[in-house]
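>
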Ligand SMILES: [Zn+2]
Ligand SMILES: [Zn+2]
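Numbering (my numbering), first residue to last: 32 to 338.
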C-alpha cells in the first residue's frame, strides 16, 4: 500500500475537563477516541510550589491512561499560568522558579512526555535579561529533578504586553541558555493561536505556514515537541490570547489542514485548548466533550482533504 493511502498517524487530543481528577480526564479522552491528552498537575491559578504528587495518584493516572489507550509520552502537563519566570522582581522570580521546579517534579513523577509553560513577561522592558532569567529558572528546575524522561517545554506566547517567547529567536535564546547535558530534557511547543496573535501569518499560504515552522526549527535546532491547535478570535498581530474552535476563528480551517500535512505534526501531541460544549461536568461523568470530539474528526478530515 502506498504511504499516501494510509491514515496519517496524527496524535490528536485535548485538554480535557479534570473534574473528578486527572484519571477522569484520561477516561474522557479515551472515550473520545483521543491519542493525546493535556492536564494540569495542580490548580493552575496557584504557584503550587509546595504541592507534590503521591505514588498512588500516579498509579491511578497510569491505570486510566492504559484503559484509554493513551501512551504517557503523549500526555502534556500545562504549568500554572501565574508562573512568571521572566520577571525582574527577585521575590516573584524566586517563587516562580520554585513553582516551575515543583511543576517539573510533579510532571516527571507522572511520567508524562512533557510539561509546557508560558515563559512570562519582561515587565521592565529588558527582554534579553528576561530571557536569561527564563533560562535560569529552567536550569534550576532541571537541577532539582536530576533525571526522568519528561521534557520541560517552552510554549510560544501570543505576545500580550511584555511577554517573551513570541518569536523563534526568543524561544531559541531561552533554550541556548541550557547546558548541553540538560538540553535533551528541554524543548518547545507551538500554539497556533499564539503564533497568529503574535504576528505569524500561518494562514496566508501553505508556504507561509511552512516558513514559520522552518524558522522555529532552524533557530532552535529541533522541531516542536507538541502543538496546541487553537483558532484565534484576535486578529493577526493583535497579541490577543483568545482561543476559538478550530475553523471558527480568524485562522480558518485551511491552515490547520496544512499544518497536519506537515511531517512535523506527525507523532507529537496535537492538543485542542478550545471552548467546551459543557463546562460544568459532574465528577463521575466520563463523557468526552462533544465539541472536542467533533473538532478532532474535522481535523482528521482536513488533514486528508486540504489542498
Ligand atoms: Zn498555554
Ligand atoms: Zn492561549
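Ideal placement from N, C-alpha and C gives every residue a C-beta, glycine not left out.
Relative to ligand 2, is the shortest distance from any of its heavy atoms to the C-beta of residue 262 smaller than 7 angstroms?
Not so, every heavy atom of ligand 2 lies at least 7 angstroms from the Cβ.
> Use the C-beta contact count for residue 221: other C-beta atoms within 10 angstroms, 16 or more gives buried, fewer gives exposed.
It counts as buried.
> Kindly indicate which residue of 310, 137, 118 and 97 has the alpha-carbon position closest to the one of residue 161.
The residue with the shortest Cα to Cα distance from residue 161 is 118.
> Rounding to the nearest angstrom, what Cα-Cα distance links residue 322 and residue 238 in this structure?
Those two C-alpha atoms are separated by around 30 angstroms.
> Express the C-alpha separation of residue 184 and residue 103 in angstroms, rounding to a whole number.
So the alpha carbons of these two residues sit roughly 16 angstroms apart.
> Can you check which of these residues, 206, 80, 122 and 282, is closest to residue 236 by C-alpha distance?
Nearest of 206, 80, 122 and 282 to residue 236, Cα basis: 282.
> Going by Cα to Cα distance, which pick from 84, 77, 187 and 139 is closest to residue 114?
Per the Cα distances, 77.
> Let me check understanding here. Comparing Cα to Cα, which of 137, 193 and 132 lies closest to residue 156?
Here the closest residue by C-alpha is 193.
> Taking Cβ positions, are residue 168 and residue 127 nearer each other than 8 angstroms?
Going by C-beta atoms, residue 168 is nearer than 8 angstroms to residue 127.
> Can you find at least 3 beta carbon pairs, one from the segment 87-104 and one from the segment 57-77, that sit closer than 8 angstroms?
Enough Cβ pairs lie closer than 8 angstroms, so yes.
> If you draw a straight line from the alpha carbon of residue 289 to that of residue 122, how long is it in whole angstroms?
Distance between the alpha carbons of residue 289 and residue 122: 44 angstroms.
> When every heavy atom of ligand 1 is checked, does at least one fall within less than 7 angstroms of the C-beta of residue 384?
This structure does not reach residue 384, given that the chain is present from 32 up to 338, and the question cannot be answered.
> Given residue 241, which residues of its chain have a CB within under 8 angstroms of its CB, disregarding the five upstream and five downstream residues?
Within the same chain, residue 241 has close Cβ partners 289 and 293.
> In this structure, does DSSP put residue 36 in helix, strand or coil?
Model confidence at residue 36 stands at a pLDDT of 47, short of 50, so the residue's coordinates are unreliable; what they give is reported in the following sentence. Residue state, collapsed to three classes: helix.
> In angstroms with no decimal places, state the Cα-to-Cα distance between residue 312 and residue 285.
Near 32 angstroms, if we compare the C-alpha coordinates of residue 285 and residue 312.
> Around the Cβ of residue 276, are there at least 16 other Cβ atoms within 10 angstroms (buried) or fewer (exposed)?
That one is buried.
> So is the beta-carbon of residue 339 under 7 angstroms away from any non-hydrogen atom of ligand 2?
Since the first residue shown for the chain is 32 and the last is 338, residue 339 is missing from the structure and cannot be characterised.
> Taking C-beta to C-beta, are residue 256 and residue 145 nearer than 8 angstroms?
Against a cut-off of 8 angstroms, the Cβ pair of residue 145 and residue 256 comes out as a contact.
> Under the rule that 16 or more other beta-carbon atoms within 10 Å means buried, what is residue 180, buried or exposed?
With fewer than 16 Cβ atoms within 10 Å of its Cβ, residue 180 is classed as exposed.
> Among residues of its own chain, excluding the 5 on either side of residue 81, which ones have a beta-carbon nearer than 8 angstroms to its beta-carbon?
133, listed in sequence order.
> Nearest to residue 205 by CA position, among 267, 163 and 68, is which residue?
Considering only alpha carbons, the answer is 163.
> When you measure from the CB of residue 189 to every non-hydrogen atom of ligand 2, does any distance come out below 7 angstroms?
Within the cutoff, so yes.
> Just to confirm, does residue 93 get its C-beta within under 7 angstroms of one of the non-hydrogen atoms of ligand 2?
Outside the cutoff, so no.
> Going by the C-beta, is residue 231 closer than 7 angstroms to any heavy atom of ligand 2?
Because no heavy atom of ligand 2 lies under 7 angstroms away, the Cβ of residue 231 does not count as near it: no.
> Could you give the residue range of the beta strand (DSSP E) that holds residue 217?
Element bounds for residue 217: 217-222.
> Residue 67 lies in the beta strand (DSSP E); which residues open and close that run?
67-70 is the span of the beta strand (DSSP E), which, as asked, contains residue 67.
> Per DSSP, residue 258 forms a beta bridge with which residues?
DSSP, once it has assigned bridges, lists 221 and 301 as partnering residue 258.
> Could you spell out where the alpha helix (DSSP H) holding residue 89 opens and where it closes?
Residue 89 -> alpha helix (DSSP H) spans 86-99.
> Closer than 6 angstroms by C-beta to residue 54: which residues in its own chain qualify, once you throw out the five before and the five after it? Chain order, please.
Contacts found: 91, 92 and 95.
> Going by C-alpha distance, which of 214, 173 and 227 is nearest residue 197?
Nearest C-alpha to residue 197: 227.
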